[in-house]
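Protein chains in written order, with this note's numbering: chain A, 8 to 274; chain B, 467 to 1026. For glycine and all other residues, C-beta sits at the position ideal for the given N, C-alpha and C. These numbers were taken from a predicted model, which means no experiment stands behind them.
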């Protein structure tokens, strides 16, 4: 900037000064942001280079299905957040679990039948990812259930159980919001939820939980899900409340029926 | 002598043994005394038995568990068969619980038998208490036995809680943390008591072994002692019975212990045992392996105590926040103290109820015939209010599950419960009382006019009547055999003064007995039957009947 000094005979700045300052500021913050997010993103292999055709397909889908709330350039609006920089992982999670496109406003968006095919979801993800760098969808190897389930269980109890319950049965949050049950959620979606922190969930980035940690957690969850309880029917894994109700209604109810039978006068 | 010997030989081994025992410990006398004890027959009298049998199952399964459980908090690295915990650091207590669940033959079944029967024990005891309350079986001479039963219920809660905390898993540790917090919330003594109980800062390394001592020694011994006292008093007082012809406050109508009840109760024990085994074999309870070993940092969503502690947990959850007062050299955590006071207050009222009611009625008679709940409307209404209060607190422990499973806002569920806790009992009181009074009115109608048959008959003079079928004596007895109290006035004592005590008592008496339906008297009954017979026998025109009646009424009036 040294060469755009004030003229000796006046105080007029170069007409390009403002433009230059803004451009420099933008380059600095944008570059810095890209550098920092790239530091996080670079630990993940970038998903297969999205072809321009796929991105274009995604853009069309976006304009037709998402733009009314998220804006034509995904810049967000008063009713929906900006999607610039949320990454492919976020789109894959939100659209892949049917949460997006959202149908109605409520305390939180709920899982519902998926609206798009896998190709369409991938195209949407590619389009959003093309807007700005963000977390990519995990590869098969990253979500394979061959991690350490003991470590995963411990990490799950420390980081996730306070909302999702120790066995992932879900739990209540404030004002009608809730942490959903994790049974039946695919490995990929669990991973993406951790990376992107959808809705009320905090983000567990790779500095917080490394990809290996995430893999261990997924391994643990899938073990619990695929191994039925050794003790018999699980009563939805909801703990002592359900056990108490079961005792009163079924066990005591059954026994009372028998006492009535025993106490009945013979005809 | 040789004759006697041959006679004994002839009669066989059983009689020989019986005689041997009789000559040494006098079994004949004992059998004669106990074997001829009469017990009445009714399904609701078996609820206490269910509690007793579940306790026996608890003793049997608990003994099995003590063979394998190690109450130590020394950390070990788990090397058992359960995959997702292999290599994890945990206490020996938790590791041995996992071993019982996965490696001891029949261990998991026994754990589940023990836990289900614990839940059933307290539930059956609670239901038995409700039966005793609503039928007025706590009245003289059984007030003390009510208190003994109450102590048993509280001991059941204590036994359950000490057991719940033993496996040292995350769930039980979270529960203990709440107890620790409650103890620390006590003014002045809180921190010291917590430190004393846990042997230092929570969780320490002592608590499991200490709770184990309480759980397998002190609490069951106390429960056993109180059960003996409880049953001994049943023998002294004899069992109550429901009203019926020939049943009075001076007798018991039923079957003898030997052989009828020994067979029935023995069979029933195995039925209860069988049901518990069936449930334990098919339904998971407290899957400790899911929760992981206790670590003070994680807390799981949906952490709840077993059902019998639930109402106290609910009280904590429903307590308004921001009640802490700082002053007097410390923090007064009213958000903890208030629910504790409410809990203790509720228990005190439950324990003292027989004495309160006896004081209000001033009834010093013995009662062996039970009340039908409708015939004691105020008591039933108070009971309904108490049940509602307890139920709301109990449901309070499940606010998070109610919110998630019924898609409601947790905050709104909590607020609704707070309102319900105050309003619910009042509403329940009035509904129950009005229902009782209406049922009593209906009973009165039925006794005086018989059952409506729905058969309409046209009389010769053109009048239509519905034929009422009179009750048989047995059914009628049930409807008319009850006592009704009238409100007492505050009377001056010997010095001519009306004391405050007398005023309060008469106030309570009005509260209890102001609204009442008086039992049908013999005179009313005779009059009603007479009246009913008239149209059927004397088929005279209506005018004739009324004219015949009128002079009689006038005469009666004149006589006055």
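Look at residue 647/B here: in three-state DSSP terms it is helix.
Taking 3 residues as the shortest admissible run, the stretch 509 to 591 of chain B contains the following complete beta strand (DSSP E) segments, listed from N- to C-terminal end: 541 to 543, 555 to 557.
For residue 211/A, the secondary structure class from DSSP, reduced to helix, strand or coil, is coil. Its Cα nearest to that of residue 814/B, the residue 617/B stands out among 587/B, 617/B, 605/B. Around the CB of residue 851/B, 16 or more other CB atoms lie within 10 Å, so the residue is classed as buried.
Shortest Cα-Cα distance from residue 145/A to any of 247/A, 95/A, 244/A, 120/A involves 95/A.
C-alpha of residue 217/A to C-alpha of residue 162/A: approximately 11 Å in a straight line.
Distance check between residue 551/B and each of 77/A, 257/A, 68/A, 164/A places 164/A closest, using alpha-carbon atoms only. If you ignore the 5 residues before and after residue 661/B, its C-beta comes within less than 8 Å of the C-beta of 667, all in its own chain and listed in chain order.
As for any beta strand (DSSP E) of minimum length 3 sitting wholly inside the stretch 862 to 916 of chain B, there is none.
Taken in chain order, the members of the stretch 866 to 878 of chain B whose beta-carbon sits within less than 7 Å of a beta-carbon on chain A are 866, 867, 869, 870, 874, 875, 876, 877. Residue nearest to residue 260/A within the set 712/B, 698/B, 707/B, 745/B is 745/B (criterion: CA-CA distance). Residues of chain A with a Cβ closer than 8 Å to the Cβ of residue 707/B do not exist; the shortest Cβ-Cβ separation is about 12 Å. Proximity of residue 562/B to chain A, defined by a Cβ-Cβ separation below 9 Å, is not satisfied. Per DSSP, residue 132/A lies in no beta strand (DSSP E) segment; the continuous alpha helix (DSSP H) that holds it begins and ends at 125 to 138. Only exposed fits residue 896/B, as fewer than 16 other CB atoms lie within 10 angstroms of its CB. According to the DSSP secondary-structure assignment, residue 918/B is paired through a beta bridge with 934/B.
The beta carbon of residue 574/B sits closer than 8 Å to those of 566, 567, 568, all from its chain and outside the five residues before and after it, given in chain order.
Straight-line spacing of the CA atoms in residue 626/B and residue 729/B works out to 31 Å. Within 10 angstroms of the beta-carbon of residue 508/B lie 16 or more other beta-carbons, which makes it buried. The CB of residue 863/B comes closer than 8 Å to the CB of 248 in chain A, given here in chain order. With a threshold of 9 Å between beta carbons, residue 194/A makes no contact with chain B. Taken atom to atom, the span from the alpha-carbon of residue 881/B to that of residue 862/B is near 10 Å. Taking a contact to require three or more Cβ pairs closer than 8 Å, the stretch 583 to 597 of chain B and the stretch 646 to 658 of chain B do not qualify as touching. Bounds of the alpha helix (DSSP H) holding residue 59/A are 59 to 72. The C-beta of residue 161/A comes closer than 9 Å to at least one C-beta of chain B. Taken through DSSP and simplified to helix, strand or coil, residue 811/B comes out as helix. Residues of the stretch 940 to 970 of chain B whose Cβ lies closer than 9 Å to any Cβ of chain A: none. Per DSSP, the unbroken alpha helix (DSSP H) holding residue 268/A starts and ends at 259 to 270. When the beta-carbon positions are compared, residue 768/B and residue 172/A come within less than 9 Å of each other. In this chain, residue 797/B is not harboured by any alpha helix (DSSP H); it is covered by the beta strand (DSSP E) spanning 796 to 799. From the beta-carbon of residue 114/A, the residues of chain B found nearer than 8 Å are 875. Here the stretch 712 to 731 of chain B does not lie against the stretch 145 to 155 of chain A, with fewer than 3 beta-carbon pairs under 8 Å apart. By the neighbour-count criterion, in which a residue is buried when 16 or more other Cβ atoms sit within 10 angstroms of its Cβ, residue 694/B is exposed. With respect to chain B, the C-beta atom of residue 231/A has a partner C-beta closer than 9 Å. Contact check for residue 152/A and residue 229/A: beta-carbon distance about 4 Å, within the 8 Å limit, so the pair qualifies.
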